[in-house]
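Residue numbers (the working numbering), protein chains in the order written: chain A, 1 to 132; chain B, 1001 to 1132. In what follows, a single structure is set out as structure tokens and then discussed.
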């Protein structure tokens, strides 16, 4: 049984009211989490249908780990639970955008920075420059 | 010949200076484009190694269209060229974040909104609410 309806490409998919996320061949959709209060991109992760449904139902971000091949409630071990303030989909419904309030230490990245995107590409090299 | 070096998971991948993007089994990496002046998430798209190399080389965003299976310079037909102000990678280098200045009409979405994420999920339905 499918958790979400399916829509073919077209006007209903792009302008309609029906949430019909388009999961890829692996059953996943890309999810971008942004800090609701700072408008900073925190992380990019993946959701399967169950993770997306749980995120909507509980108001806390759930993802799917491609490496561990398992559903994953963000913060379950780290305490960096993400309270979802707003959930958006893009035009062709193959990506979701979450505005979240990170709990715990306020971070989202296992390395210790608030955002996973703490490195800038400069002259072909990576430079650590976390946002202030 | 590979355009980028490869690194195994570990400290060098997460904290080192080497740009070693980890493309998935299809040879793609997720790319999030944010408006450099508004901190608004504009779109999520895909890059193959060539698209990423061209983006770095030219300073203009190139993507890979999964549906058309072709390299794609953003704005080539729409005029919505994206000048890249900053390029970041995430902790495990399987996602990139671009801060861009959209040219042309200033938008990024083919539907006509500035951002592709113009719909919010509310009570299980989609509501169009583009950012002001």
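Yeah, the Cβ is synthetic: ideal placement off N, Cα and C, and Gly gets one too.
Should residue i go down as buried or exposed, given a rule of 16 or more other Cβ atoms within 10 Å for buried?
i, result
"residue 1077 of chain B", "exposed"
"residue 55 of chain A", "buried"
"residue 1019 of chain B", "buried"
"residue 1097 of chain B", "buried"
"residue 90 of chain A", "buried"
Under the DSSP definition of a beta bridge, which residues are partnered with residue i?
i, result
"residue 160 of chain A", "Past the boundaries of the shown model lies residue 160 of chain A; chain A is included only from 1 to 132, so the question cannot be answered."
"residue 40 of chain A", "Bridge partners of residue 40 of chain A: none, in fact."
"residue 1119 of chain B", "A:89 and B:1128"
"residue 1018 of chain B", "A:125"
"residue 1045 of chain B", "B:1031"
Keeping to the same chain, check which residues put their C-beta closer than 6 Å to that of residue i; ignore five residues upstream and five downstream.
i, result
"residue 128 of chain A", "118 and 119"
"residue 1062 of chain B", "1051, 1054, 1055 and 1073"
"residue 1022 of chain B", "1093 and 1094"
First and last residue of the alpha helix (DSSP H) that includes residue i?
i, result
"residue 54 of chain A", "49-58"
"residue 1012 of chain B", "1011-1015"
For the beta strand (DSSP E) containing residue i, name the first residue and the last one.
i, result
"residue 1064 of chain B", "1062-1065"
"residue 1033 of chain B", "1029-1035"
"residue 70 of chain A", "70-73"
By Cβ distance below 8 Å, which residues in the same chain neighbour residue i in space, the five residues on each side in sequence not counted?
i, result
"residue 1036 of chain B", "1085, 1086, 1099, 1100 and 1101"
"residue 44 of chain A", "30, 31, 32, 33 and 116"
So, at 7 Å on beta carbons, what are the nonlocal neighbours of residue i in its own chain, with the 5 sequence-adjacent residues on each side left out?
i, result
"residue 1005 of chain B", "1018 and 1020"
Name the residues in the stretch 90-107 of chain A whose C-beta lies less than 9 Å from a C-beta of chain B; which are they? Across the stretch 90-107 of chain A, CB contacts with chain B closer than 9 Å involve 90, 91, 92, 93, 94, 95, 96 and 97, in sequence order along the chain.
With 8 Å as the limit, tell me which residues of the stretch 38-58 of chain A have their beta carbon closer than that to any beta carbon of chain B; keep them in chain order. Answer set for the stretch 38-58 of chain A: 39, 40, 41, 43, 44 and 56.
Name, going along the chain, the residues of the stretch 62-93 of chain A whose beta-carbon falls closer than 7 Å to a beta-carbon of chain B. For the stretch 62-93 of chain A, which is checked against every Cβ of chain B, the residues closer than 7 Å are 86, 87, 88, 89, 90 and 91.
Could you run through the stretch 1002-1015 of chain B and flag, in chain order, every residue whose CB is less than 8 Å away from some CB of chain A? Within the stretch 1002-1015 of chain B, the qualifying residues are 1014 and 1015.
Near-chain B residues of the stretch 120-132 of chain A (beta-carbon distance less than 7 Å), N- to C-terminal order: The stretch 120-132 of chain A vs chain B, Cβ under 7 Å: 120, 121, 124, 125 and 126.
Which residues, in chain order, does the stretch 1022-1034 of chain B contribute to contact with chain A at a C-beta distance below 7 Å? Answer set for the stretch 1022-1034 of chain B: 1030, 1032 and 1034.
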